[in-house]
Amino acid sequence: MDERNEQPGGEAGGGLVPSRRMVLALGAAAASTVVTVRPALAQTAGSVMHCQIPVPAPQNAGSYIAPDGSVVAPGTAGAFPPPPRPLTGEEAKALLNHGPTPAGLDPEAAQAYVNYIRRLQAGMSGFTCYASLQMPR
Amino acid sequence: MTAAARELTGLLTDPARAGEVADWTALVSAARAESLAGTLAWRLAGVPLPREVERLMEDARRASETVRVEALWEAEMARRALAPLGVPVVLLKGTAYAAAGLPAAEGRSIGDLDILVPARSLPEVERALLAAGWEWVKEDAYDDLYYRRWMHELPPLIHRARDRMIDVHHTILPLTARPKPDAEAMIADSAALGNGLRALAPADMVVHASAHLIADGDLAGGLRNLWDIDRLLRHFAGADAGFWAELQARAGHHRLWRAVHRAARLANDLYATPIPESWRIWDSADPLFRARMLARDGWGRQTARGLRFGFYVRSHLLRMPPLMLARHLLAKARR
Amino acid sequence: MAGPRYLADADVLAVAAEMEGLTIVFHQASGQTHILAPPAPQILAALAGDAGDEEQILSRIGADFDLAPAAPAALAARLAELEAAGLVHRP
Amino acid sequence: MKHVFRLKVGPVAFRIGSDWEAPLAQLRRLYAGYPTPEGICDFTVRVEADKPWRRRLRPSVAIRGDYVLPDAAPLPLAQGLLAAEMGMNLQMALGQRRYLLLHAGAVERDGQALLLTGESGAGKSTLSALLGERGWRFLGDEFALLGLGDGELRPFPRAVSLKNAAADLFADLPEERFGPVLSGTPKGTIRHLRPNDAAIAGMHDRVPPALILFPRFGPERPAAVRPVGAAELFMRLTQASTNYVALARTGFDALTRLCRSVPAAAIDYGSTEEALALVDRLWAAR
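Residue numbers (the working numbering), protein chains in the order written: chain A, 1 to 137; chain B, 1 to 335; chain C, 1 to 91; chain D, 1 to 286.
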């Protein structure tokens, strides 16, 4: 063990090491008392590169995008053909923030693309780029 | 084949030759590209090295230790999720080597968590994982159907908080591949690890590693997978003189003798793995496999484009009969 | 008392730093860092190397603290969070 | 590869290879006076054709190397210098394991370091470069490297990447310290600036950190200072670090030590002069 286990001096008033008969609240059922530090890869992606999100992923090239963002067969009624090129991180960011539709894209199709991007998960093409747009800071 | 990849295999085999390395930067780039940087660093531990090289190897050893802890933790979280079911959960590949403390785990990169469970338990395993925070990583319904009907594993799942993938296998090769390994026997003969999880029996571990390398993929990352086989063979055969006969019999039982035999020959060729004299035959395709595995240059780039494409096509042919392959490619093309 | 029993690693709080009322824990088994607010660290301390159900947890914490009146579900909610983070499990 | 440039910045050595000579010639010029690594390079960057046929036909540059991210977009060859710079950043962000890497600018005075961190666009890069020309020694504008054992910073004085109007603030500096004007990049118009001789000469000194600031630029906002406590600092720095999680216990030890020993504050500023005055005031009071 080392100095980190000892009571810190200074600013940490009302520290946690049980001072006897301190009152402890178990909290409201909905409150959160555990936050786990996650890797800041998303931050990295945003800060060191210019990224892109293929819509849809390359292995589904040619598929249409339904208004809810799901990938459907080409020609499906009510769905939109994919954009002619991958969306850049900047374009996706603008769309996610209800900004202007990027040049060359149909506004309704763009909304379907946004929904597709929202459904991206780790392991899918474009996810690191999407994650980098989601950073709170 | 390239000098950098050959130098890498040579140095892994005989770390004492570190003094002969002329271009460490090229060697490290090739090792990183082949996911062998941590392995190389552990092999070179204790060998006199130039100071800057030694520091880089220390960094790589530290990084591989983090990888090991994270992989074992992911296995533990899967164990906690699946423990109430009471079904045997067999760890596969890197996580299994780490959990069993095998030499193959030293410095090894470990990505996804791979587990093998009885086919009949799949629905409850799937439910338990979904309840414990894992989610589907699916691009669309065709992929999902394809996995469920033809593959040897569930569609991949990812944990929503930890961002780690799990592959849940019910056998070790795609259902469409010609060899039909006896997954039930593999599970029945697996050994308890002491942490509530299981690992394949030694011979089955080699059979699986060989099937994965030779009979399934396109040999991308082949040097790392072949290094696993070298370490496993040396370890198991060194402890048990009867291992070779057992391995041959077991490989035959799973219809994977050809893959095991080829993997052993390649390991002998590239990593000087001691194998029985009678196993050392000449095979006209071995040089192609060898060249494919060594297709990595000192900038970390893949070389031998045509050869790689050939192995890519082969990997698809191995997985499916031609008619099914045609249907699969057509469905992909239509989308 | 019925209800599940929980357990934390004996050394779960061995590498921790306290800052401004929060406990920052480096969890050695997972390599993860967790930032904990009360009463999470106290619950962990009560379960470190010593399994217990809700009643036992309350009595162990009660030895050091006066417990404020709380909703019956509060402790279960805290335990669920710690379990999801992998800091406690059911032995 | 056909063309190669090796570069040492502080404790880190890079090998940069390219299919084309032009981006490397620009790098050589930009990094004139920097040491050439003698032994092994820590990281390899490849500035190569996106696809084989993209070497000559509408050349398009992919950022690759020992460590890669899957979603990186290619750049036109005219921005090859930027690709090389991004490639070096990527290697650090994904591969650095010897130091705790913080996404921060850093400058030194009186033998101690000031760290400037915060979201991109907050002005940390411009501020650290400006301070580096006004009596402080420039340590870096992008990444701060914190020693895991000793808690001291290693200078990493890469070329400063000045975006859009920021270059105007440095108009009095000699032209030979600037790289080419790169217009139409994903981040607007970029111009690189070579740090001054003092920064290059001192790149191997270690500096203990003494103050951490989170600047935030807003022309309409009144200048303001808010102290940042240790716990908040810890949380913010885990998100400003690309390798905190990968460093496991060593990262935890280094970061908790930093957060307990170094004061921190968030500052809002509406103009560069305001920011520089705030920095002076807080530095004197640290």
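Positions of the beta carbon are idealized from the N, C-alpha and C atoms, including for glycine.
The C-alpha of I172(B) lies about 14 Å from the C-alpha of A203(B). Within the segment 73-97 of chain A, the residues whose Cβ lies closer than 8 Å to any Cβ of chain B are, in chain order, A73 and P74. Interface with chain A (9 Å Cβ-Cβ cutoff): S128(D) is excluded. Taking a 10 Å sphere around the C-beta of T273(B), we find 16 or more other C-beta atoms and assign the residue as buried. Between S125(A) and chain D, the shortest Cβ-Cβ separation is below 9 Å. Annotation: K93(A) is outside any beta strand (DSSP E); the continuous alpha helix (DSSP H) that includes it extends over G89 to L96. Taking 4 residues as the shortest admissible run, the segment 63-108 of chain D contains the following complete alpha helix (DSSP H) segments, listed from N- to C-terminal end: 80-95. With respect to A263(B), A209(B) sits close: the two C-beta atoms are nearer than 9 Å.
Under the DSSP definition of a beta bridge, D167(B) partners with D114(B). Take the alpha-carbon of H103(D) and the one of A144(D): they are about 6 Å apart. For V23(A), a Cβ of chain C is located within less than 9 Å of the residue's own Cβ. When rounded, the separation of the alpha-carbon atoms in Y147(B) and Q59(A) is 15 Å.
If only uninterrupted beta strand (DSSP E) runs of at least 3 residues are considered, none is enclosed by the segment 237-267 of chain D. In the same chain as S63(A), and ignoring 5 residues on each side of it, the C-beta atoms closer than 8 Å to its own belong to P56, V71, V72, A73, P74 and P82, in chain order. Within chain B, the residues whose beta carbon sits less than 7 Å from that of A29(C) are W73, listed in sequence order. Here P54(A) is buried. Its C-beta has 16 or more other C-beta atoms within 10 Å.
Interface annotation for the segment 58-89 of chain C against chain B: E83, A84, A85, G86 and H89, criterion Cβ-Cβ distance under 9 Å. Chain-ordered, the chain D residues with CB closer than 7 Å to the CB of T66(B) read A246 and A248. Within the segment 79-164 of chain B, the complete beta strand (DSSP E) segments at least 3 residues long are 113-116, 134-136 and 157-159, listed from N- to C-terminus. Between F14(D) and M88(D) a beta carbon distance of about 6 Å is seen, short of the 8 Å cut, so the two are scored as contacting. A residue is called buried when at least 16 other Cβ atoms come within 10 angstroms of its Cβ; H170(B) meets this threshold and is buried. Proximity of the segment 206-219 of chain D to the segment 158-173 of chain D falls short of the contact definition, fewer than three beta-carbon pairs being nearer than 8 Å.
Excluding residues up to 5 positions away in sequence, V15 and T33 lie with their Cβ nearer than 6 Å to the Cβ of F26(C) in the same chain.
Taken through DSSP and simplified to helix, strand or coil, M57(B) comes out as helix. Put simply, the backbone Cα of R226(D) is about 6 Å away from that of I267(D). Listed along chain B, the residues sitting closer than 8 Å to T36(A) by beta-carbon distance are A161.
About 7 Å separates the beta carbon of L270(B) from that of M293(B), a gap short enough to meet the 8 Å contact definition.
The Cβ neighbour count for W282(B), taken over all protein chains shown within 10 Å, is under 16; the residue is labelled exposed. Contact of T242(D) with chain C is not assigned, every C-beta pair being separated by 9 Å or more. Counting other Cβ atoms within 10 Å of its Cβ, L44(C) reaches 16 or more and is therefore classed as buried. Using a 10 angstroms sphere on the CB of Q302(B), the tally of other CB atoms stays under 16, which defines it as exposed.
In the displayed model, K51(D) falls within coil according to three-state DSSP, outside both helix and strand. Checking the DSSP bridge columns, you'll see M22(A) partnered with F65(C). The CB of R80(B) comes closer than 7 Å to the CB of H89 in chain C, given here in chain order.
Taking a beta-carbon distance threshold of 9 Å, Q56(C) does not count as an interface residue toward chain B. M293(B) sits in a helix when the DSSP states are folded into three classes.
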